[in-house]
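Have a look at the structure below before the remarks.
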Amino acid sequence: MRVSVIVPCFNHERYVAACLAAICAQDWDDLEVIVLDDGSTDGTWAAIERFTPPPTVRFERSTGPNRGASVTLNAGLVRATGDYVTICNSDDLFSPGRIRTLVDALREGGARFAFSRVRCIDAKGRDVTDLWPYARSLARTQDRIAQAPAIGFALALSNVAISTGNFFFERSLLQTVGGFRPYKLVHDWDFILRVLLETEPLFVDEPLYEYRLHSNNSFTSLLGSVAAVECPELMRRFLKAATLGQPHNERCPSPRNWPGYFEAFIEEHAYEPYLAQWDTIDGPAYPLGAA
1 MRVSVIVPCF NHERYVAACL AAICAQDWDD LEVIVLDDGS TDGTWAAIER
51 FTPPPTVRFE RSTGPNRGAS VTLNAGLVRA TGDYVTICNS DDLFSPGRIR
101 TLVDALREGG ARFAFSRVRC IDAKGRDVTD LWPYARSLAR TQDRIAQAPA
151 IGFALALSNV AISTGNFFFE RSLLQTVGGF RPYKLVHDWD FILRVLLETE
201 PLFVDEPLYE YRLHSNNSFT SLLGSVAAVE CPELMRRFLK AATLGQPHNE
251 RCPSPRNWPG YFEAFIEEHA YEPYLAQWDT IDGPAYPLGA A
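Numbering (the numbering used here), first residue to last: 1 to 291.
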């Protein structure tokens with residue numbers, strides 16, 4: 001059973017070799033690793049070329065200017081041939097045994113999408129999960145999962161999976177979910193909310209993804225004005241699909257699946273304005289390869 005690993009790269013000269021080494025060290029024989037350098041201007045591609053991969057690893061370098069995360073990820077999804085697809089951001093690391101653990105969890109749980117607890121590391125790879133305020137905040141974000149009656153209610157408040165790099169799913173799921181929308185900041189949250197409409201995500205409460213915090217994290221430049229535009233639009237899309245349609249996932253937050261509780265949740269978190277502002281918002285699907 002093949003697992004496709006998509007590695008989007010942009011100006012991660014310092015980290016990409018360690019990322020690739022951690023992927024190739026996984027105890028899984030049939031790996032397809034698709035490395036996409038999205039117009040790096042530093043020595044990222046040189047670092048990739050110095051890496052000696054197993055035969056199953058395929059390198060590809062994008063030409064032209066940086067296209068952004070959603071375009072690069074969709075390019076990887078189109079190229080993936082595995083039964084399962086996962087992503088590893090080029091500054092992050094897979095923990096040992098991650099792929100096998102998540103494959104086993106999906107099989108045993110009858111699920112189609114999984115993510116794990118995240119361990120935060122610094123630029124030197126040191127565990128800072130319990131040391132840095134932002135890292136502690138991310139840990140508390142994932143703690144919300146246990147406090148919610150279903151994982152969807154935690155996801156409706158924030159992306160408790162934290163990053164696209166923590167996504168692991170059946171490739172066949174893309175036929176209904178589609179690819180990543182061209183959001184600059186919340187493409188990951190949008191994607192997992194569309195998965196939520198289709199199937200119940202599975203949370204594996206083990207730190208199997210090492211999320212690196214450093215001075216050049218791309219999301220830091222997008223907080224503020226970008227989030228103020230993208231987050232409300234994302235939530236309007238999700239609530240439109242959950243309320244006007246019938247999610248295939250019977251545990252997805254919706255008035256049909258959670259009568260009374262859903263309405264109380266909307267009121268508690270002041271989501272009522274989103275229910276009245278969706279007339280110009282399209283449905284949940286986004287085609288692979290769309291710009």
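In this text, a Cβ means the ideal position worked out from N, Cα and C, and glycines have one as well.
Counterpart residues of residue i in DSSP-defined beta bridges
i	result
C120	Y211
V35	V7, F59
Y84	V3, E170
Span of the alpha helix (DSSP H), counted from its first residue to its last, around residue i
i	result
T72	69 to 79
V226	225 to 244
D143	133 to 147
T176	174 to 177
I162	Looking at the DSSP string, I162 is not in any alpha helix (DSSP H), and its letter there is neither H nor E.
P273	272 to 275
R14	No alpha helix (DSSP H) holds R14; DSSP gives it neither H nor E.
E263	261 to 268
A105	98 to 109
Limits of the unbroken beta strand (DSSP E) element including residue i
i	result
S4	3 to 9
F59	57 to 61
T41	It is not in any beta strand (DSSP E) - T41 carries neither H nor E in the DSSP assignment.
Coarse secondary structure for residue i, derived from DSSP in three states
i	result
F168	strand
D205	strand
V186	coil
L93	strand
D130	coil
A25	coil
A150	coil
F191	helix
Supposed close pair residue i, residue j - CB separation, criterion 8 Å
i	j	result
R61	D91	Not confirmed; about 18 Å, so no contact.
D30	R2	4 Å
G97	P65	Going by Cβ atoms, the distance from G97 to P65 rounds to 38 Å, so no, they are not a contact pair.
C88	C19	6 Å
A123	A114	Not confirmed; about 28 Å, so no contact.
D190	L239	D190 to L239, Cβ: 13 Å. No contact.
L196	L155	6 Å
P8	L77	Their Cβ separation, rounded to whole angstroms, is 11 Å, which puts P8 and L77 out of contact at 8 Å.
Selection from the options that minimises the alpha carbon distance to residue i
i	options	result
T44	F59, V33, P54	F59
T101	P55, E206, F262, V16	E206
D270	N249, R236, R50, R194	Rather than Asp, the amino acid found at residue 270 in this sequence is Ala. Minimum Cα distance to A270 is reached at R236.
V118	T164, L73, N74, D104	T164
D130	K124, L138, A242	L138
P201	F180, R212, E170	E170
R140	S70, D127, L193, S158	S158
A17	E198, I48, G125	I48
I162	Y15, Q142, R50, R181	Q142
Minimum Cβ-Cβ distance from residue i to chain C less than 7 Å
i	result
V71	Protein chain content of the structure displayed is limited to a single chain, and chain C is not contained in it.
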